[in-house]
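Inspection log for the structure reproduced underneath, given as structure tokens.
2 protein chains.
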Amino acid sequence: MINKEEFRRKVIISAGKIFSHYGFKKTTMDEIAKALKMGKSSVYYYFESKEEIFEAVVLYEANILRNELTTAIKSVESPVGKMKNYVFVRMKSFEKLSNYYNAIFDKNLDHFDFIEKIREKYDREELAILRLILYHGVRQKVFHVANTEYTAMAIQTTLKGLEVPLFWKKKEVNIENRLNAILDVLFYGIVVK
Amino acid sequence: MINKEEFRRKVIISAGKIFSHYGFKKTTMDEIAKALKMGKSSVYYYFESKEEIFEAVVLYEANILRNELTTAIKSVESPVGKMKNYVFVRMKSFEKLSNYYNAIFDKNLDHFDFIEKIREKYDREELAILRLILYHGVRQKVFHVANTEYTAMAIQTTLKGLEVPLFWKKKEVNIENRLNAILDVLFYGIVVK
DNA sequence: GACTTTTCGACCGTTTTATTCGACGATTTT
DNA sequence: AAAATCGTCGAATAAAACGGTCGAAAAGTC
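Those protein sequence lines, which keep their order, are chains A and B. Residue 1458 in our numbering sits at position 9 of the first sequence, with consecutive numbering throughout. Residue 1578 in our numbering sits at position 129 of the second sequence, with consecutive numbering throughout.
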């Protein structure tokens, strides 16, 4: 391979698919290698360990999510639309990520504190985005909130609380309908009457 | 548990979900047991082995498929509709089953020849159904085929050939569209002009 | 053809896994 | 109420799978 960095990318993308389906523990190095049509030892030429690959995958996916999120809120003008898009993309992406969680929350918490680091960083970013959306909403007199900071935190807490029941519960009712229902509730408490 | 047979059913349904997601090999007895809120050894009170559970699951799912198939062709009158429904349900169910295959085609072929038995039986049933649909179509002058038997075999061969590329390849294009396209091709060669 | 980069198969120590076993309380039979 | 049976479980075991290593073979470069 001419470019090592490029090949690492290939590994990340390929391994990411497997991780997202089977989780960290159930994904074997052999599978990752086979998916790349390689011997297992060759993969170790590019990555130190399985965990390093996993870390790279999560980082990679996190960046994709960030991009999706920002384009999602840019794609509409109205604050309600922004909020709706944001929540949708955010929660939708958790559908894909739920299997990572599956893997992480097993017993290996000790090894995956780097995930908490990412999480913290993204929590802060999320809060900023939510505040911004709220702020614009208030400016345009579409939202009515006393304190954007606290409200943003409240929404974030709600969103986090939703992650688990939304994807670890039965998937009989489809997610979009449920999210829409939740968003309706949210807006009826926020939009000016 | 009052009824042993009833509990076996519970195991089959519960384990079936796990198998269909992770495949045979990646599914552990511990997981099956945990999903039933039991100790792993208790499961062995109802089943001899992991393979026996797997066998029971496949048998169970095969029967469900059979039912879905027959109701699907009964639900419409026109031969074209029957054929369309049949192909759809059949191929759709392979989406679910693809993970079983994933497991089976690993290396354990020696142990899973019972699947071939089921397969053969279903192949014969399928052929009969296809012939019947074709026969009705010819009767109503909607289809034009020289020999229903050979045509049924041809269609079956096509369907089988489609299984692999349809579900083991990239899932970017959704399956329904691709199936529809294939069906169009099929009908333009069959329907009377 | 020497020297570097990349791939790989064989191997190792550890962990996981399917399965067994015996013990246990609960329930039923005698 | 003693004995047998049922259903559950934790611990034990033996085999397999797994992550990771290493030295040597290929492939690539000059």
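Every residue gets a Cβ at the ideal spot worked out from N, C-alpha and C, and that includes glycine. Computed from a predicted structure; not experimentally measured.
C-beta neighbour in chain A for residue i, strict 8 Å
{"i": "Tyr1471 of chain B", "result": "yes"}
{"i": "Lys1466 of chain B", "result": "no"}
{"i": "Lys1566 of chain B", "result": "no"}
{"i": "Lys1730 of chain B", "result": "For residue 1730 of chain B there is no data in the structure shown, the boundaries of chain B being 1450 and 1642."}
{"i": "Lys1475 of chain B", "result": "yes"}
{"i": "Ile1462 of chain B", "result": "no"}
Short CB-CB distance (under 8 Å) between residue i and chain B
{"i": "Glu1625 of chain A", "result": "no"}
{"i": "Asn1557 of chain A", "result": "Its pLDDT being 47, under 50, Asn1557 of chain A is placed unreliably in this model, and the value from its coordinates should be taken loosely. By this cut-off, Asn1557 of chain A is not an interface position."}
{"i": "Lys1459 of chain A", "result": "no"}
Endpoints, alpha helix (DSSP H) assigned at residue i
{"i": "Asn1512 of chain B", "result": "Lys1499 to Lys1523"}
{"i": "Phe1496 of chain B", "result": "From DSSP, Phe1496 of chain B is part of no alpha helix (DSSP H); its letter is neither H nor E."}
{"i": "Gly1472 of chain A", "result": "Lys1453 to Lys1475"}
{"i": "Met1478 of chain A", "result": "Met1478 to Ala1484"}
CB-CB length for residue i against residue j, believed under 8 Å
{"i": "Tyr1509 of chain B", "j": "Ile1461 of chain B", "result": "5 Å"}
{"i": "Leu1632 of chain B", "j": "Lys1523 of chain B", "result": "No, Leu1632 of chain B and Lys1523 of chain B are not in contact; Cβ-Cβ is about 19 Å, not under 8 Å."}
{"i": "Val1536 of chain A", "j": "Leu1628 of chain A", "result": "7 Å"}
{"i": "Leu1518 of chain A", "j": "Val1492 of chain A", "result": "Leu1518 of chain A to Val1492 of chain A, Cβ: 31 Å. No contact."}
{"i": "Ala1482 of chain B", "j": "Lys1475 of chain B", "result": "Incorrect: roughly 16 Å between the Cβ atoms, too far for contact."}
Proximity of residue i and residue j at Cβ, strictly below 8 Å
{"i": "Thr1600 of chain B", "j": "Val1591 of chain B", "result": "no"}
{"i": "Glu1612 of chain A", "j": "Phe1543 of chain A", "result": "yes"}
{"i": "Pro1528 of chain A", "j": "Ile1582 of chain A", "result": "yes"}
{"i": "Glu1598 of chain A", "j": "Arg1580 of chain A", "result": "yes"}
{"i": "Glu1575 of chain A", "j": "Gln1605 of chain A", "result": "yes"}
{"i": "Lys1459 of chain B", "j": "Leu1485 of chain B", "result": "yes"}
{"i": "Tyr1637 of chain A", "j": "Tyr1471 of chain B", "result": "no"}
{"i": "Tyr1571 of chain B", "j": "Ala1511 of chain B", "result": "yes"}
{"i": "Lys1503 of chain B", "j": "Phe1473 of chain B", "result": "At residue 1503 of chain B the sequence reads Phe, which differs from the Lys that was named. Contact flag set, yes."}
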